[in-house]
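In this text, residue positions in the sequence shown follow the numbering used here: the first is 27, and each later residue adds one.
Just so it is clear, CB atoms sit at the ideal spot from N, CA and C, and this is done for glycine as well.
Before any comments, here is the structure.
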Amino acid sequence: MSSATRSTVTLHLVSSLDGFIARKDNTVSWMDSSDVYEKGITDDGAEVIESIDCYVLGSRTYEHALELGWPYGDTPTIVVTNRKLPSTRRSVEFYSGDLKRLVNDVLAPRYRNIWLVGGAVLGQSFLRLGLVDEIRLMVAPVTLGSGLLLFGDSGIEQKWHLKNVVGYKNAFVELWYGRQSKESKEDRI
Ligand SMILES: NC(=O)c1ccc[n+]([C@@H]2O[C@H](COP(=O)([O-])OP(=O)(O)OC[C@H]3O[C@@H](n4cnc5c(N)ncnc54)[C@H](OP(=O)(O)O)[C@@H]3O)[C@@H](O)[C@H]2O)c1
27 MSSATRSTVT LHLVSSLDGF IARKDNTVSW MDSSDVYEKG ITDDGAEVIE SIDCYVLGSR
87 TYEHALELGW PYGDTPTIVV TNRKLPSTRR SVEFYSGDLK RLVNDVLAPR YRNIWLVGGA
147 VLGQSFLRLG LVDEIRLMVA PVTLGSGLLL FGDSGIEQKW HLKNVVGYKN AFVELWYGRQ
207 SKESKEDRI
């Protein structure tokens, strides 16, 4: 078995109920919930975060993360960009070029649990190329009405297998899907 078959790319995003991942002005207070779901669980996600081997980000998500306060710790992070961006942290590498090559040749040999954490542009590119193995979508109890759409028009239809649903005390719901496909990663190389 090649290392490419052992790695998993998970697209993880927080979405509003009406499918937006960011407000037009980029403020993030919509992610604060005052709602309570009594049957929900409380979990700080530490165990999941601990299991992540590397993060992949689009450059706009990277720039916003720097502004907000770096949430990825020292975990290796690859920022996809065509620009020459200043290096800010030792854990950050920049990548420009073919995304299939990024996953199959750069990431898969080094990392097992790869988390693509946005934004919409990069997530849609990965989906279009069939590079996403799992989707973990955290749905916030709010409709935003406008903003940056999560999925937009990726141009491909794909069936997904529901792996888990978790309702949280703060009324967020996590939907966790795995790709349903006969095609293996090796077919795509
Ligand atoms: N709710 C959430 O979970 C969540 C998660 C992440 C981000 N966000 C929000 O989403 C917004 C940013 O998302 P976004 O969709 O505007 O941008 P993005 O996907 O973060 O970044 C887009 C940029 O990534 C680079 N890029 C993307 N695909 C590429 C490719 N195939 N080849 C080379 N470079 C590529 C380009 O960078 P260059 O222009 O530098 O070449 C492009 O301009 C921010 O507001 C952020 O806060 C929300």
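Report buried or exposed for G16, applying the criterion of at least 16 other Cβ atoms within 10 angstroms of its Cβ.
-> Here the chain has residues from 27 to 215 only, and residue 16 is not among them.
Looking at A48 and L174, is the spacing between their C-beta atoms short of 8 Å?
-> Cβ distance < 8 Å, so L174 and A48 count as in contact.
Any heavy atom of ligand 1 closer than 7 Å to the Cβ of G144?
-> yes
Which first and last residues belong to the alpha helix (DSSP H) in which S85 is found?
-> S85 to L94
Flag this pair as touching only if the region 136 to 150 and the region 80 to 97 have three or more C-beta atom pairs under 8 Å; answer yes or no.
-> yes
What three-state label does DSSP hand S117 in the structure shown?
-> Annotated three-state conformation of S117 is coil, per DSSP.
Please classify V62: is it buried, with 16 or more other beta-carbons within 10 angstroms of its beta-carbon, or exposed?
-> exposed
Specify, as a first and last residue, the run of the beta strand (DSSP E) that G204 falls within.
-> V199 to R205 is the extent of the beta strand (DSSP E) around G204.
Is it the case that the CB of T87 approaches a heavy atom of ligand 1 more closely than 7 Å?
-> yes
For the alpha helix (DSSP H) containing R154, list its first residue and its last residue.
-> A146 to R154
Proximity winner among S122, V40 and N52, relative to F177 (alpha-carbon distances) | Closest option to F177, Cα to Cα, is V40.
Name the residue from Y98, K195 and V105 whose alpha carbon lies nearest to the alpha carbon of L133.
-> With respect to the C-alpha of L133, the residue from Y98, K195 and V105 having the closest C-alpha is V105.
For V54, count neighbouring C-beta atoms within 10 Å of its own C-beta (all shown protein chains included) and say buried if the count is 16 or more, exposed if not.
-> Exposed, because fewer than 16 other Cβ atoms sit within 10 Å of the Cβ of V54.
Within 10 angstroms of the Cβ of R109, are there 16 or more other Cβ atoms? Answer buried if so, exposed if not.
-> exposed
Residue span of the alpha helix (DSSP H) that contains S41, given as start and end = Per DSSP, S41 lies in no alpha helix (DSSP H) segment; the continuous beta strand (DSSP E) that holds it begins and ends at T34 to S42.
If you run the structure through DSSP and keep just helix, strand and coil, what is N196?
-> coil
Proximal residues to G193 (C-beta, below 6 Å), its chain only, five neighbours per side dropped = Y63, G66 and V199
Between T103 and ligand 1, is the CB less than 7 Å from at least one heavy atom?
-> At a threshold of 7 Å, T103 does not count as near ligand 1, since its beta carbon sits no closer than that to any of the ligand's heavy atoms.
Less than 8 Å separating the beta-carbons of V165 and L201?
-> Judged by beta-carbon spacing, L201 lies within the 8 Å limit of V165, meaning their Cβ atoms are closer than that value.
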